[in-house]
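Numbering-wise, our numbering puts 1332 at position 17 of the sequence shown, and it's gapless, one number per residue. Have a look at the structure below before the remarks.
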Amino acid sequence: MSRRRERGVQAVAAGVAGVAGSYAVGGFTPGFVPATVATAITRHSPDAVIRFAITVLGDLGRQLAVVAGFFLAVALFAGIAGGALAVGRQLGAEPLAVPLAGGGVFAVATALGSGSSAALAAAVASLLPLAVPPLAARVPSERVSPARRRTLGTVGSALATVWVGIESGVLQGPALPSRAVSDPAVRDRLDEAEAKSLDVSGLEPLVSTDFYRVDASIAAPQTTRGEWSLSVTGEVEEELDLGFATVTEMDNEERFVTLRCVGDGLDDEKMDTALWTVVPVSEILDRAGVTDAASHVMLRAADDYYQEFPVEVLESAVLAYRMNGRPLPRGHGFPVRALVPGHWGEINVKWLEEIEILDREAEGYWEKRGWHGTGPVHTVAKIETTSRESGTRTVAGHAYAGTRGVSAVEVSVDGGETWNEATLSEPLPGEDVWRQWAFEYEPSGSHEVVARAREADGTLQPQKRTEPYPSGATGWDSETISN
């Protein structure tokens, strides 16, 4: 192998090792350089690309961003190492490449927002494929050439760093408190939801088993309960700064709440329900004293996400700190998130850190990208599963209308010519929850199934289908079934 190729291998190995080093001290957290790069990709990509990722790719879009972040981070660190090797060779002082590369990796990782510890680990790790090969070449050996020993030193040091990084990284991140469900009241509520769920093959139960995620950031913030605080600022008589204990000592309740993403299409899976332990935002607003000038509110999160909506909507909002009897998972807002009844998921801000009361309208994160998802959710009845048994076919799904409630789901098996009322699950306690529906019939050849919902007051959901962008999907869901 030529010396030029050796240096290329060293540079790539340094890039891989640097990424592994950042993972070793932080795990998959905002300190992990590829996660930081992936977040930058999502926040600076053209709006059309983000719309495609949310509405078409779904979770795959997030995974692709992580993969892209990994390769870009490796390429970035490899470029720094390659440049350092070139400078050292030009100056006739190849050992100089080691500190140059380390300093460059540290500076870039810090600039990307990885934090000093992750940046330092990335810098130290990236040095090994540069520092070890010259030492390996000096080891006496009659059977292995110096060039081969350098290559083995390069590859071996990189692999060792990757192994240590993986083993150490999976242990990192602040540990969550006990996840055992110890509250009998919570267990009773969850048992109640299970008992009310329809027994239909393939249908998600009333309490979701795999709650959807759509985030502006790739890695969840690692705030601990002790570090977390909620500030209330802006148009208030007294600004507040409340710790976790202060918030959770307020009067709380267990509440079933359904969330639906504004990017959720009729055939997507970005609508779910959980049992949340919540405290009212209104009590906090009363303490702060909202002034007469207040018209809107901006909620800000630990990952720099922000969302704005009319202040009167906040009066019915709650703060959640447990999900299905357990502490909020990091991916769903630990330690505290907002829940705004009946509204699209984008204003149900995770990792909440500030409530700013405004005297004017402003634009939130997604509104700057062209979305309009700060209002009430649209009514929907989704066809989610079909099954056939003993000559009959069953179609089933979920229906949701925000705080307006669902009183009926009607199903047509002839493309909308005639309609039949589906069986509904018993309603869960609460005003902002979905209901399951199911309809069994005897099929006859190829046919089109259509579903539509009626709200609690009898209002029929609009028939016209629209795409999720910009204001949320609408319309009657349909599916062609061939027997």
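By construction, the Cβ of each residue, glycine as well, lies at the ideal position given by its N, Cα and C atoms.
I believe residue i touches residue j by the beta-carbon criterion, under 8 Å. Please report the beta-carbon distance rounded to the nearest angstrom.
i: K1585; j: V1551; result: Contact flag wrong, Cβ pair sits at about 34 Å.
i: I1662; j: Q1622; result: 5 Å
i: V1628; j: H1658; result: 7 Å
i: A1335; j: T1476; result: 5 Å
i: S1441; j: G1417; result: 7 Å
i: D1674; j: A1609; result: 6 Å
i: T1709; j: I1796; result: In fact, because the Cβ distance is near 11 Å, the residues do not count as touching under 8 Å.
i: S1546; j: G1558; result: Not quite, the Cβ-Cβ distance comes to about 11 Å (not below 8 Å), so this is no contact.
Comparing C-alpha positions only, which one of the options sits nearest to residue i?
i: W1591; options: P1783, A1440, R1502 and G1730; result: R1502
i: L1605; options: V1324, F1392, E1630 and W1752; result: The amino acid occupying residue 1605 in the given sequence is Val; Leu does not appear at that position. Of the listed residues, the one whose Cα sits closest to V1605 is E1630.
i: L1391; options: L1427, P1656, G1731 and H1693; result: L1427
i: A1635; options: E1623, P1625, L1557 and V1651; result: V1651
i: G1471; options: T1733, R1780 and V1447; result: V1447
i: D1587; options: V1522, L1474 and G1384; result: V1522
i: S1740; options: S1759, A1714 and P1758; result: A1714
i: G1560; options: R1570, G1773, P1625 and V1594; result: Gly is not the amino acid found at residue 1560; the sequence shown has Ala there. The candidate whose alpha carbon is nearest that of A1560 is V1594.
i: P1536; options: W1666, L1474 and V1692; result: W1666
i: R1602; options: A1589, V1626 and D1556; result: D1556
i: E1725; options: G1323, A1462 and D1792; result: D1792
i: S1532; options: N1567, A1329 and P1349; result: P1349
i: P1744; options: A1766, G1517 and D1506; result: D1506
i: T1538; options: R1464, F1649 and R1637; result: F1649
i: S1317; options: R1463, Q1405, L1406 and P1414; result: R1463
i: H1762; options: T1733, T1774, N1798 and W1734; result: N1798
i: E1509; options: A1451, S1497, F1571 and E1542; result: F1571
i: G1341; options: Q1778, F1624, A1534 and E1704; result: A1534
i: A1339; options: G1376, A1436, F1421 and L1372; result: A1436
Taking the C-alpha atoms as reference points, what is the distance between residue i and residue j?
i: Q1325; j: F1367; result: 38 Å
i: G1790; j: T1573; result: 19 Å
i: A1616; j: A1412; result: 41 Å
i: R1684; j: D1362; result: 6 Å
i: R1780; j: A1788; result: 7 Å
i: G1578; j: F1385; result: 26 Å
i: D1525; j: G1640; result: 15 Å
i: E1746; j: V1721; result: 10 Å
i: P1644; j: L1600; result: 26 Å
i: V1485; j: G1394; result: 27 Å
i: A1723; j: A1696; result: 10 Å
i: T1344; j: E1569; result: 30 Å
i: I1356; j: A1737; result: 45 Å
i: S1337; j: Q1378; result: 19 Å
i: P1656; j: G1580; result: 20 Å
i: N1735; j: S1727; result: 6 Å
i: A1434; j: V1381; result: 18 Å
i: G1688; j: R1575; result: 10 Å
Identify every residue that forms a DSSP beta bridge with residue i.
i: P1642; result: R1637
i: M1613; result: E1623 and E1671
i: N1567; result: Note: N1567 sits in no beta bridge, so no partner.
i: I1796; result: H1762
i: P1691; result: H1658
i: A1711; result: T1700 and A1753
i: D1556; result: S1546
i: N1735; result: V1726
Inset, instruction - Evaluate contact between the stretch 1743-1758 and the stretch 1781-1790, counting only Cβ atoms and requiring at least three cross-stretch pairs below 8 Å. - result: no
Legend entry - the stretch 1387-1406 in contact with the stretch 1541-1561 per 3-pair CB rule at 8 Å: no
Legend entry - Inter-stretch contact at 8 Å, needing at least 3 Cβ pairs: the stretch 1666-1682 / the stretch 1760-1771: no
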